[in-house]
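Undergrad: Residue numbers (the working numbering), protein chains in the order written: chain A, 70 to 697; chain B, 3 to 261.
The structure that follows is given in the form of structure tokens.
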């Protein structure tokens with residue numbers, strides 16, 4: 070397939086896969102048909118067939134109904150709607166395109182998700198007379214969920230509003246405001262009239278006030294901001310190639326990153342490591358290969374690998390877990406039931422899996438989170454998934470190929486669900502819980518408080534402990550029952566076997582998370598002061614307790630200031646090379662993207678900060694007593 | 003397709019046999035090419051013909067294109083697949099060829115009777131293909147589904163892959179049938195005296211010779227074909243007479259089991 074790398078002519082033009090979204094009446098098929106027509110990409114015999122069909126099925130009288138170029142299946146023609154994903158191929162001097170055309174109705178969310186899963190850009194249509202509709206928001210949301218990064222917003226049927234610039238700019242502004250938190254890298258609004266071709270391949274004289282690109286130009290410039298080759302190396306083993314006793318190689322397509330001969334790689338499953346001896350292809354051995362290439366790797370040392378294993382660099386491994394938290398899109402009329410066993414396919418691995426908890430489903434028109442016990446066709450939910458055996462996975466937002474999965478019905482063999490992993494969960498699965506009569510609600514009632522975790526994260530020396538100490542004193546004075554867990558103290562006790570490697574830091578936080586959760590179970594307010602440098606582990610702790618029981622406080626003090634303070638002389642030692650893996654110096658700190666509270670460690674005094682924490686906490690308590 | 007398969011499994015050979023459904027009316031040059039390549043590469047080649055259809059005298063000239071394609075291609079394929087008990091068959095069909103193929107999956111499922119239900123196809127997300135089938139069911143797999151005709155020729159050029167010479171233009175004996183140029187490949191094609199002309203003709207696709215139209219062209223090598231294609235105003239399957247029998251005829255044939 071002409072993926073980004075192995076296309077026949079990729080040296081000349083890059084390939085862009087895009088999806089078109091809009092409802093039946095927005096003129097989506099017309100736009101795509103017109104785009105092909107205007108770009109002179111429709112053959113005469115195809116045009117003759119359209120002319121013949123226009124008289125039979127068309128809705129435009131004597132005019133060519135260009136939508137008929139795309140609506141392929143007989144049944145669809147009769148209903149006048151596209152019911153599946155249709156792919157169209159075209160190219161310009163600058164770029165090759167694969168356009169996926171899908172229907173817009175809510176009942177076709179699954180088709181749209183399918184098309185979006187391989188798209189780098191989306192063309193979203195809006196009817197100029199109607200403006201943003203619930204379904205426009207739904208399309209944008211699904212594109213965002215599937216990781217589409219570039220959006221071209223076509224405000225169509227501009228002829229019916231006399232090419233009124235105010236109408237266009239209002240709709241463009243509405244969309245921009247709506248899409249602010251959807252994570253699109255770029256949004257290009259364009260006023261168009263698909264039926265007559267205005268601003269599709271040429272700038273229309275009917276919109277002299279519009280200075281931006283025509284749709285085709287925008288497509289030629291879209292996407293390509295993210296390079297899979299720049300990410301950590303992931304190689305899901307597809308097949309063990311052993312034609313003779315002399316050759317044993319591992320075949321697959323590089324999911325992300327790059328590899329060179331001589332690189333040490335490890336199996337994410339076993340941790341076994343070996344050096345790459347050869348990168349074998351039909352044409353010749355390669356010194357180097359990157360994302361998208363299909364290669365066979367051989368190793369200098371013996372290594373045990375099978376289909377489903379993932380090869381990765383020793384210092385940058387995927388999670389190897391049997392539980393994940395993920396978005397799940399349901400694609401079949403028979404509802405998803407938590408606890409039911411499905412077949413899960415992720416990378417090249419296949420394993421039985423079940424949804425252990427459906428946290429909520431999403432109203433895809435409003436983004437509201439709704440309580441749910443099951444997911445129906447076209448519904449999207451957020452859930453925990455337990456696999457029968459562990460898999461090597463990454464968050465979907467970081468590496469799509471190792472963060473995506475499908476679920477298959479064991480009986481019908483249908484593909485029933487599509488998932489996007491948010492993060493791996495490290496939990497015991499085979500230990501069944503005892504239920505006891507006295508639980509968290511009873512204990513917290515006895516203490517007359519709602520338990521929670523106040524999680525302080527920030528660099529060493531940022532002031533976490535100082536602030537937490539003030540907060541605890543205040544809470545204590547107010548009669549609350551508290552417990553404080555501090556990084557240094559914990560490392561003297563329960564975690565005295567752990568160092569500061571990434572793996573140990575992860576384990577450190579996992580244990581702290583478990584301990585904090587036990588205290589929450591006992592009804593206490595737990596103040597936790599840990600550098601906790603990785604977003605993923607903080608998310609993991611968050612997932613251990615209820616949504617409103619985790620309050621993240623980011624003590625945001627610049628590195629330079631922490632180093633200046635250096636209360637324990639650690640920065641000096643780290644700079645002198647006496648401490649390895651020191652956060653901020655030789656180990657990364659991933660700042661929280663959306664903490665409940667951000668404290669300005671430079672501009673704010675510790676007591677002012679403590680007061681703000683108390684306010685936040687009291688607010689949360691008040692909210693939970695009004696809605697227990 | 004063969005080249006892609008060899009690359010995919012290299013240095014091992016492709017771990018499956020190769021099947022040709024011979025209708026008895028293939029271009030003779032295509033058969034020569036097939037046998038040559040199979041021998042040179044040591045392929046496990048299976049050739050199957052619907053003998054019962056041949057015995058009943060079904061042929062593209064007397065029986066008409068619809069019946070011939072149905073019996074010799076579609077039925078022949080179904081018989082060969084059932085006989086071999088294959089759970090999957092690869093083919094080189096592409097989405098850019100025809101509208102109903104534009105909606106075809108890469109992994110396309112067939113019932114025990116080899117029929118296709120376009121309304122009930124499995125969604126294909128990312129590169130995660132669901133390959134599970136019940137006993138008796140099978141999969142048609144189209145690995146180069148997303149290639150275009152242009153990609154094919156660019157690939158042939160880049161990889162220096164030999165092709166059947168009929169793809170290149172040469173002086174060939176042709177007659178006109180339904181406004182299309184049909185090559186006189188052997189003496190089974192009824193020809194009026196003096197009807198035959200010699201023209202520079204090439205083929206963009208190779209089916210049964212009486213049902214495959216050639217185009218006048220001067221393109222004698224891959225480079226010239228690419229140049230010509232960029233200026234072409236006809237689609238590739240324009241030369242397949244069987245597609246024009248009625249609208250949506252490809253979709254109907256596919257439902258019945260045609261590749």
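For glycine and all other residues, C-beta sits at the position ideal for the given N, C-alpha and C.
On a predicted model such as this, the values are computed, not experimentally measured, just so you know.
#1: Would the segment 92-100 of chain B and the segment 3-12 of chain B be scored as touching if the rule is three or more Cβ pairs under 8 Å?
#2: Residues in the same chain with beta-carbon distance under 6 Å from residue 107(A), minus the five sequence neighbours each way, listed in chain order, please.
#3: Is the segment 449-467 of chain A in contact with the segment 387-399 of chain A, if contact means three or more CB pairs nearer than 8 Å?
#4: Pull up the CB-CB distance for residue 383(A) and residue 301(A), whole angstroms please, since I reckon it's below 8 Å.
#5: Consider the Cβ of residue 447(A): report whether some Cβ of chain B lies at a distance smaller than 8 Å.
#6: Any Cβ of chain B within less than 8 Å of the Cβ of residue 183(A)?
#7: Nearest-angstrom Cα distance between residue 11(B) and residue 117(B)?
#8: Taking the C-alpha atoms as reference points, what is the distance between residue 333(A) and residue 325(A)?
#9: Check residue 641(A) in the structure and name its three-state DSSP category.
#10: Check whether the segment 168-185 of chain B touches the segment 119-137 of chain B, taking contact to mean three or more Cβ pairs, one atom from each stretch, closer than 8 Å.
#11: Does chain B have any CB closer than 8 Å to the CB of residue 500(A)?
#12: If you scan the segment 186-237 of chain B from start to end, which runs of the alpha helix (DSSP H) of 4 or more residues do you find wholly inside it?
#13: Rounding to the nearest angstrom, what Cα-Cα distance links residue 417(A) and residue 376(A) in this structure?
#14: As a quick exercise: from 535(A), 318(A) and 477(A), pick the residue whose alpha carbon is nearest that of residue 370(A).
#15: Would you check if the distance between the CB atom of residue 361(A) and the CB atom of residue 528(A) is smaller than 8 Å?
#16: When the cut-off is 8 Å and only beta carbons count, does residue 142(A) lie next to chain B?
#17: Between which two residues does the alpha helix (DSSP H) containing residue 38(B) stretch?
#18: Can you name the residues that DSSP bridges to residue 551(A)?
#19: When the Cα atoms are used, what is the spatial distance from residue 259(B) to residue 213(A)?
#20: Mind pulling the alpha helix (DSSP H) runs of 4 or more residues that sit fully within the segment 414-473 of chain A?
#21: Which two residues bound the contiguous alpha helix (DSSP H) that contains residue 701(A)?
#22: Does the segment 88-102 of chain A come into contact with the segment 205-220 of chain A, if we say contact requires no fewer than three beta-carbon pairs (one atom in each stretch) closer than 8 Å?
#23: Indicate the three-state DSSP secondary structure (helix, strand or coil) for residue 500(A) in the structure shown.
#24: For residue 357(A), is the classification buried or exposed, using 16 other Cβ atoms within 10 angstroms of its Cβ as the cut-off for buried?
#25: Is residue 424(A) close to chain B, meaning its C-beta is less than 8 Å from at least one C-beta of that chain?
#26: Can you confirm whether residue 14(B), when its beta carbon is compared against all beta carbons of chain A, has any partner nearer than 8 Å?
#27: Straight-line CA distance for residue 501(A) to residue 688(A)?
#28: Please report the straight-line C-alpha distance between residue 380(A) and residue 299(A), rounded to a whole angstrom.
#29: If you reduce the DSSP assignment to three classes, tell me which class residue 20(B) lands in.
#30: Just to confirm, is the Cβ distance from residue 106(B) to residue 147(B) under 8 Å?
#31: Quick one: what's got a C-beta closer than 7 Å to residue 368(A)'s C-beta in the same chain, skipping five residues either side?
#32: Tell me the DSSP bridge mates of residue 621(A)?
#33: Would you say residue 156(A) reaches chain B, if we count a Cβ-Cβ gap shorter than 8 Å as a contact?
#34: Looking at the secondary structure, which residues open and close the alpha helix (DSSP H) in which residue 631(A) lies?
#35: Would you mind sorting residue 154(B) into buried or exposed? The rule is 16 or more other CB atoms within 10 Å of its CB.
#36: For my contact list, residue 258(A) and residue 230(A) are in at a C-beta cut-off of 8 Å; report their separation, rounded to the angstrom.
TA: Result, derived from the coordinates:
#1: yes
#2: What you label residue 107(A) is simply residue 38 of the first chain in a count that begins at 1. 266, 269 and 270.
#3: yes
#4: In the first chain, counting from the first residue as 1, residue 383(A) sits at position 314. In the first chain, counting from the first residue as 1, residue 301(A) sits at position 232. The beta-carbon separation of residue 383(A) and residue 301(A), rounded to 11 Å, does not stay under the 8 Å limit for a contact.
#5: As a working mapping, residue 447(A) is identified with position 378 in the first chain. No, no contact with chain B.
#6: Translated into the one-based positions of the first chain, residue 183(A) becomes position 114. Chain B, which has a Cβ nearer than 8 Å to the Cβ of residue 183(A), makes this yes.
#7: As a first step, residue 11(B) must be located in the second chain, where it is residue number 9. As a first step, residue 117(B) must be located in the second chain, where it is residue number 115. Looking at the two C-alpha atoms, the distance is approximately 30 Å.
#8: If you number the first chain from 1, residue 333(A) lands on position 264. If you number the first chain from 1, residue 325(A) lands on position 256. Spanning the two alpha carbons is a distance of roughly 16 Å.
#9: Position 572 of the first chain, counted from the first residue, corresponds to residue 641(A). Of the three classes helix, strand and coil, the one that applies to residue 641(A) here is helix, per DSSP.
#10: no
#11: Here residue 500(A) corresponds to residue number 431 of the first chain, with the count starting at 1. Residue confidence is low: residue 500(A) scores 44 on pLDDT, short of 50, so the model does not pin down where it sits. Its coordinate-derived value is still stated next. Output row for residue 500(A): interface = no.
#12: Fully enclosed alpha helix (DSSP H) runs of 4 or longer: 224-232.
#13: As a working mapping, residue 417(A) is identified with position 348 in the first chain. As a working mapping, residue 376(A) is identified with position 307 in the first chain. So the two alpha carbons sit approximately 6 Å from each other.
#14: For the purposes of this step, residue 370(A) is taken as residue 301 along the first chain, with counting starting at 1. Ranking the options by Cα distance to residue 370(A), first place goes to 318(A).
#15: The residue labelled residue 361(A) in the question sits at position 292 within the first chain. The residue labelled residue 528(A) in the question sits at position 459 within the first chain. It is not a contact, given that the beta carbons lie outside the stated cut-off.
#16: Indexing the first chain from 1 puts residue 142(A) at position 73. Annotation note: pLDDT 43 at residue 142(A) (below 50); position unreliable, coordinate value reported separately. At least one chain B Cβ lies under 8 Å of residue 142(A).
#17: In the second chain, residue 38(B) corresponds to position 36, counting from 1. First-last of the alpha helix (DSSP H) with residue 38(B): 30-43.
#18: Taking the first chain and counting its residues from 1, one reaches residue 551(A) at position 482. Note: residue 551(A) sits in a beta bridge opposite 594(A).
#19: Here residue 259(B) refers to the residue found at position 257 when the second chain is read from its first residue. Here residue 213(A) refers to the residue found at position 144 when the first chain is read from its first residue. Those two C-alpha atoms are separated by around 38 Å.
#20: 469-472
#21: Outside the displayed span of chain A (70 to 697) sits residue 701(A), for which this structure offers no information.
#22: yes
#23: Counting from 1 along the first chain, the entry for residue 500(A) is found at position 431. A caution first: residue 500(A) carries a pLDDT of 44, below 50, which makes its placement in the model too unreliable to give a value.
#24: Counting from 1 along the first chain, the entry for residue 357(A) is found at position 288. So residue 357(A) counts as exposed.
#25: As a first step, residue 424(A) is located in the first chain; it is residue number 355 there, counting from the start. It does not; no Cβ of chain B falls within 8 Å.
#26: One-based indexing of the second chain puts residue 14(B) at position 12. Yes, contact with chain A.
#27: Counted from its first residue, the first chain places residue 501(A) at position 432. Counted from its first residue, the first chain places residue 688(A) at position 619. Note that residue 501(A) scores a pLDDT of 43, beneath 50, so its modelled location is shaky; the value from the coordinates is reported in the next line. Going by the C-alpha atoms only, they are around 36 Å apart.
#28: For the purposes of this step, residue 380(A) is taken as the residue at position 311 of the first chain. For the purposes of this step, residue 299(A) is taken as the residue at position 230 of the first chain. C-alpha separation (whole angstroms): 16 Å.
#29: Here the question's residue 20(B) lines up with position 18 in the second chain. Strand at residue 20(B).
#30: Mapped onto the second chain, residue 106(B) falls at position 104. Mapped onto the second chain, residue 147(B) falls at position 145. Closer than 8 Å, so yes.
#31: Taking the first chain and counting its residues from 1, one reaches residue 368(A) at position 299. Cβ-Cβ distances below 7 Å link residue 368(A) to 343, 344, 345 and 346 in the same chain, with the five nearest sequence neighbours on each side left out; the list follows chain order.
#32: In the first chain, counting from the first residue as 1, residue 621(A) sits at position 552. Beta-bridge pairing links residue 621(A) to 524(A).
#33: To locate residue 156(A), count along the first chain from 1; it is residue 87. Taking a beta-carbon distance threshold of 8 Å, residue 156(A) counts as an interface residue toward chain B.
#34: Mapped onto the first chain, residue 631(A) falls at position 562. First-last of the alpha helix (DSSP H) with residue 631(A): 628-634.
#35: Your numbering for residue 154(B) matches position 152 in the second chain. Counting Cβ neighbours within 10 Å, residue 154(B) comes out buried, since at least 16 surround it.
#36: Here residue 258(A) is taken as the residue at index 189 of the first chain, counted from 1. Here residue 230(A) is taken as the residue at index 161 of the first chain, counted from 1. Actually they are not in contact, since the Cβ atoms of residue 258(A) and residue 230(A) sit about 15 Å apart, beyond 8 Å.
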